[in-house]
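There are 2 protein chains.
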Amino acid sequence: MSEVAATGISVLLVDDHPIVRQGYRRVLESQGDLHVVAEADNAADAYGAFKAHDPDVVLLDISMPGASGLEAIRNIRARSPRARILVFTMHNEAVLVKSAFSAGASGFVTKSSEPSAVVAAIRAVARGERAMSDDIAHILAEDSLSAGSVLDQLGEREIEILRQFAGGATTEQIATHLNLSVKTVQNYHYLIKTKTGARTDAQLVRLAATCGLARI
Amino acid sequence: MSEVAATGISVLLVDDHPIVRQGYRRVLESQGDLHVVAEADNAADAYGAFKAHDPDVVLLDISMPGASGLEAIRNIRARSPRARILVFTMHNEAVLVKSAFSAGASGFVTKSSEPSAVVAAIRAVARGERAMSDDIAHILAEDSLSAGSVLDQLGEREIEILRQFAGGATTEQIATHLNLSVKTVQNYHYLIKTKTGARTDAQLVRLAATCGLARI
DNA sequence: ATCCGGCTTGGGAAATTTGCCCGAGCTGCA
DNA sequence: TGCAGCTCGGGCAAATTTCCCAAGCCGGAT
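See below:
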């Protein structure tokens with residue numbers, strides 16, 4: 000499919016919400032030069048779809064249930080290093096953004112971006128450039144200046160588990176989502192509490208909320 | 000705008016993500032009988048847009064930053080009791096669904112629903128019916144062992160304990176504050192969870208926060 | 001008057017979770 | 001090569017949660 004690059008940009012759409020995918024598809028295809036060649040609704044299917052269609056750009060929502068979207072990024076990049084992945088999510092925490100880039104993403108735009116900015120980002124990463132929306136640039140910039148928050152002491156896994164926990168997920172649900180044993184999730188839970196100094200689950204939720212990790 | 004009802008259903012779109020709104024707009028308008036007459040990107044603007052356009056249906060994403068989407072529902076319904084509000088979100092916790100309905104929503108569909116189900120739900124609420132997606136019905140059904148409208152069924156003591164708990168207090172601290180035995184506080188804690196349908200402490204904190212019981 | 005129902009307060013016992021310690025594999029870095 | 005840190009989980013005592021139950025109190029219904 001990459002030989003159609005001269006006539007347009009092929010896009011693989013990965014998002015777990017059907018109507019959202021359908022909406023994106025219409026928005027992108029109305030651009031003329033963008034063509035959605037495949038869709039996937041979970042991280043596991045993303046690589047299969049990538050291999051089958053070899054798209055110029057993967058538009059990926061990393062806030063998916065099941066395996067982490069970061070996982071999907073690493074998965075694709077590990078086997079196809081020239082893949083261009085544009086992360087597209089409503090989360091805008093600096094930690095997540097940095098994780099995504101270090102996992103191999105080429106760009107990061109939030110869902111609060113204007114459609115034109117998203118489309119521009121797709122074209123940018125298709126050209127091999129790095130792209131991010133204005134709000135993300137802002138957040139990264141401020142983050143690079145500010146001293147570390149509590150979240151900086153937490154690893155990627157810990158952050159992900161804290162996010163899901165604060166979102167209301169059960170220990171079992173988190174274990175299932177991340178393919179971990181319940182015991183491991185419990186250990187992370189405890190570790191997060193000791194690292195952050197939270198003595199109560201409620202304090203943990205409040206902490207996550209004030210750090211922007213969980214929306215309430 | 001309600002005089003166009005004979006020729007179709009007018010919809011007000013409330014979601015904080017521009018591209019998501021644009022996608023929904025295209026999906027809905029491709030149906031022929033659905034017309035997006037206005038958009039809003041936050042709860043505060045929702046009522047203004049409602050008053051200005053008097054849509055048949057409000058399609059509302061309640062997972063917005065800033066004011067609670069529940070607030071927006073109450074706002075609109077308080078001043079226009081015949082408004083039809085269809086909540087459209089990716090959250091699927093029973094407590095949230097019940098809160099939305101008791102706030103005055105006419106329907107509740109998740110973003111993991113098929114677009115056709117969403118469209119059907121819009122038509123249903125436009126006819127004055129109640130609508131919800133299959134997964135929501137499932138969750139509510141299982142939850143309906145202990146029915147009720149969430150916070151209203153809690154006693155004074157329960158509310159006070161929930162407030163302190165959500166504020167980050169330890170069980171012992173609550174017991175000391177209220178001059179109760181730890182055992183009693185534990186029993187209340189359990190009782191509150193069963194009454195509200197929260198399965199997790201985190202869900203309890205979120206519930207308290209959305210009900211204005213705790214500030215985060 | 002009496003009874004019903006709900007709130008408040010706690011005991012008890014089994015099931016789970018927490019708190020903390022541990023080891024092992026892996027990766028990046030010096 | 002070796003250290004450091006993340007990830008993943010086992011183990012086990014202590015604590016908490018989950019239910020079930022009882023009793024006193026109070027307001028309202030009979």
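Residue numbers (numbering that gives the first Met the number 0), protein chains in the order written: chain H, 0 to 215; chain C, 0 to 215.
Idealized CB from N, CA, C, for every residue including glycine.
Neighbourhood of residue i by C-beta distance below 7 Å, restricted to the same chain and skipping five residues each side
i: M0 (chain H); result: For M0 (chain H), the predicted model reports a pLDDT of 44, less than 50, meaning its position is unreliable; a value from the coordinates is still stated below. Excluding sequence neighbours, M0 (chain H) sits near S9, V36, H52, D53, P54.
i: M63 (chain C); result: Here the model assigns M63 (chain C) a pLDDT of 46, short of 50, so the residue's position is not dependable, and the following value carries that caveat. Hits under 7 Å: D15, N41, A42.
i: A125 (chain C); result: I8, D55, V56, R83
i: V19 (chain C); result: none
i: E171 (chain C); result: V181
CB contact check: residue i to chain C, cutoff 8 Å
i: F164 (chain H); result: yes
i: E128 (chain H); result: no
i: S111 (chain H); result: yes
i: R198 (chain H); result: yes
i: V204 (chain H); result: yes
i: A136 (chain H); result: no
i: V117 (chain H); result: yes
i: A120 (chain H); result: no
i: M63 (chain H); result: Note on M63 (chain H): pLDDT 48, under 50, position unreliable in the model; no value is reported.
i: A123 (chain H); result: no
i: A93 (chain H); result: no
i: A201 (chain H); result: yes
Residue i at chain H interface by Cβ criterion, 8 Å
i: M89 (chain C); result: yes
i: S148 (chain C); result: Bear in mind that the predicted position of S148 (chain C) carries a pLDDT of just 49, short of 50, making it unreliable; the figure below should be weighed with that in mind. It does not: the Cβ of S148 (chain C) has no partner Cβ on chain H nearer than 8 Å.
i: P114 (chain C); result: yes
i: A99 (chain C); result: no
i: A71 (chain C); result: no
Residue i, enclosing beta strand (DSSP E) - first and last residue
i: V170 (chain H); result: Reading off the sequence, residue 170 (chain H) comes out as Thr, not Val. T170 (chain H) -> not in any beta strand (DSSP E); alpha helix (DSSP H) instead, spanning 170 to 177.
i: G106 (chain H); result: 106 to 109
Residue i in three-state terms, based on DSSP
i: M0 (chain H); result: Because M0 (chain H) carries a pLDDT of 44, less than 50, the predicted location of this residue cannot be relied on, and the following value inherits that uncertainty. Coil at M0 (chain H), not helix or strand.
i: I158 (chain H); result: helix
i: I61 (chain H); result: coil
i: E38 (chain H); result: strand
i: L11 (chain C); result: strand
i: R82 (chain C); result: Position check: residue 82 (chain C) holds Ala in this sequence, whereas Arg was assumed. Coil, per DSSP.
i: A146 (chain C); result: For A146 (chain C), the pLDDT reaches just 40, beneath the cut-off of 50, and the residue's location in the model is therefore unreliable, although a value from the coordinates is still provided. Three-state result, A146 (chain C): coil.
i: A130 (chain C); result: strand
i: L153 (chain H); result: coil
i: L212 (chain C); result: coil
Terminal residues of the alpha helix (DSSP H) in which residue i lies
i: G47 (chain C); result: 42 to 52
i: T195 (chain H); result: 181 to 195
i: A201 (chain C); result: 200 to 209
i: S115 (chain H); result: 114 to 125
i: E28 (chain C); result: 17 to 28
Same chain, Cβ closer than 6 Å to residue i, five either side skipped, listed in chain order
i: N74 (chain H); result: Y46
i: E155 (chain H); result: S98
i: G166 (chain C); result: A213
i: V86 (chain C); result: L59, I61, A99, A104, F107
i: A102 (chain H); result: L69, I72, R73
Same chain, Cβ closer than 8 Å to residue i, five either side skipped, listed in chain order
i: G22 (chain H); result: none
Can you give me, in chain order, the residues of the segment 32 to 57 of chain H that have a beta carbon less than 8 Å from any beta carbon in chain C? The residues in question: there are none.
For the segment 15 to 31 of chain C, list every residue whose C-beta sits within 9 Å of some C-beta in chain H, in sequence order. The segment 15 to 31 of chain C vs chain H, Cβ under 9 Å: D15, H16, P17, I18, V19, R20, Q21, G22, Y23, R24, R25, V26, S29.
When Cβ atoms are compared, which residues of the segment 167 to 184 of chain H fall closer than 8 Å to chain C? If the cut-off is 8 Å between Cβ atoms, the segment 167 to 184 of chain H has G167, A168, T169 near chain C.
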